[in-house]
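If you're matching positions, the sequence shown starts at 16 in our numbering and goes up one per residue.
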Amino acid sequence: MIVKVISNKENRDITINKLYPVLIKKEDEIRIVDDFGGLSIYELKDFQIYKENINSYIKEMNSLVYELIGYPAFLENYYNDDKKARNDLDKSRSNIFKEDLNEDELIELITSEYYSSDEKIIFIEGIENKINDKSTKVLAKYFGNNQNIEPEMLLPICRLLSKCQNQEVYDLFLDFISDDTINNDSIQNTIIEYFNNYN
């Protein structure tokens, strides 16, 4: 289930028109990871349902819980900074976007200025098995024009775009490999392997 912000009367850490995956829903409240990065409770009245796919949720009396975090100690573990709980939350967010959004919707989110680098990495993970030549061209042009790519995004971008061979990706990778500031071996190896296999 994904919701879209339609109002923010209490001026909390959400952005109007931005999409958020719902991790837990109880009656008129939802738990989402907000813009501050915390798992927080919000009233549903500030959102509209964008996608209502609840196939991967555990249904209880008046609540829905995403299946990966549907264990009794999840919330306590999460708020105590338990690594497994944090990883389960991140994987849940990624899975929800992957299950609910199509390729075009994910491309739109990746190229939107509403989302942080961390969120865009989740979208990149979500589109990995849906990517096609047309989408890689759109993303290569977007990242080619975007001079402020966060370093943590470079490897996921390269891994994703290396799945398709086209001139736009080739040119972007040429720019990346020529950039002295990119000194990450994994990124360079991904690009070199792409060039070696380019037909």
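Glycine residues also receive a C-beta, built at the ideal position from the N, C-alpha and C atoms.
(message) Taking DSSP's pairing of strands, which residues face Y157 in a bridge?
(response) Its beta-bridge partners do not exist; DSSP assigns none.
(request) With DSSP as the reference, label F51 as helix, strand or coil. (result) Correct three-state label for F51: coil.
(message) Which same chain residues end up closer than 8 Å to R108 when comparing Cβ atoms and leaving out the 5 residues on each side of it in sequence?
(response) P36, L38, V48 and I137
(message) So for S78, helix, strand or coil by DSSP?
(response) strand
(message) Taking the alpha-carbon of I73 as reference, which of D186, L169 and L83 has the nearest alpha-carbon?
(response) L83
(message) If you follow the beta strand (DSSP E) that Q63 is in, where does it begin and where does it stop?
(response) F62 to K66
(request) Grab me the residues of K19's own chain with a C-beta within less than 6 Å of its C-beta, minus the 5 sequence neighbours each way, in chain order. (result) L34, Q63 and Y65
(request) Evaluate contact between the stretch 167-185 and the stretch 138-155, counting only Cβ atoms and requiring at least three cross-stretch pairs below 8 Å. (result) yes
(request) Please go through the same chain and pick out, in chain order, the residues whose beta-carbon is closer than 7 Å to the beta-carbon of K41, but skip the five residues on each side of it. (result) N77 and S78
(request) Would you tell me roughly how many angstroms separate the C-alpha atoms of E91 and P171, rounded to the nearest one? (result) 31 Å
(request) Have a look at N211 and T30 and give me their C-alpha separation to the nearest angstrom. (result) Distance from the CA of N211 to the CA of T30, rounded to the nearest whole angstrom, comes to 43 Å.
(request) Report the three-state DSSP secondary structure of V37 (helix, strand or coil). (result) coil
(message) I'd like to check one pair, S150 with E118: are the Cβ atoms closer than 8 Å?
(response) In this structure, S150 lies closer than 8 Å to E118 by Cβ.
(message) Let me confirm a value: E140 is counted as buried when at least 16 other C-beta atoms fall within 10 Å, else exposed. Which label applies?
(response) buried
(request) Apply the 10 Å Cβ neighbour rule to F188 and answer buried if 16 or more other Cβ atoms are within range, or exposed otherwise. (result) buried
(message) On the criterion of 16 or more Cβ atoms from any shown chain inside 10 Å, does G53 qualify as buried, or is it exposed?
(response) exposed
(request) Buried or exposed for F112, please, with buried defined as at least 16 other CB atoms from any protein chain shown within 10 angstroms of its CB. (result) Buried.
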